[in-house]
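Engineer: The structure that follows is given in the form of structure tokens.
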Amino acid sequence: MNRLRELREDHDLVKKEIARNLGITQRNYSYYETNQTILTEDILQKLANYYDTSIDYILYRTDIRKLYPKSIVDKEEIGV
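Letter by letter, the sequence shown follows residues 182 to 261 of my numbering.
Here is the structure:
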């Protein structure tokens with residue numbers, strides 16, 4: 182099953198609702214969900230924010246659905 186479809190169905194949403202929240206047509210969203218159109222960076226970010234998950238989860242790079250914890254890098258470590 183497609184991750185976008187899985188996320189949408191897990192939240193009991195229809196394509197029209199997601200499309201409206203993304204500012205696109207239902208048809209365009211359907212193309213994303215059926216892999217007929219490549220997800221743009223902008224749409225990926227909006228989807229990840231909307232579902233409170235990571236882009237990596239949407240793209241099957243991980244099976245961890247929760248967001249990654251934000252890390253604080255000491256500026257001295259990176260030479261800033």
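All C-beta atoms, glycine included, are put in the ideal place defined by N, C-alpha and C.
(1) Excluding five sequence neighbours on each side, which residues of the same chain lie with their C-beta closer than 7 Å to the C-beta of Y241?
(2) Exposed or buried, R189, counting other C-beta atoms within 10 Å across all chains shown (16 or more means buried)?
(3) I need the boundaries of the alpha helix (DSSP H) containing D223, first residue and last residue.
(4) By how many angstroms is the C-alpha of D233 removed from the C-alpha of A200?
(5) Check R242 in the structure and name its three-state DSSP category.
Structural biologist: Looking at the atomic coordinates:
(1) As a first step, residue 241 must be located in the sequence shown, where it is residue number 60. Around Y241: R184.
(2) Position 8 of the sequence shown holds residue 189. The residue is buried, with at least 16 neighbouring Cβ atoms inside 10 Å.
(3) Taking the sequence shown and counting its residues from 1, the one referred to as residue 223 is at position 42. First-last of the alpha helix (DSSP H) with D223: 222-232.
(4) Numbered from its first residue, the sequence shown carries residue 200 at position 19. Numbered from its first residue, the sequence shown carries residue 233 at position 52. So the alpha carbons of these two residues sit roughly 17 Å apart.
(5) As a position in the sequence shown, residue 242 is number 61, starting the count at 1. DSSP places R242 in coil when its eight states are reduced to three.
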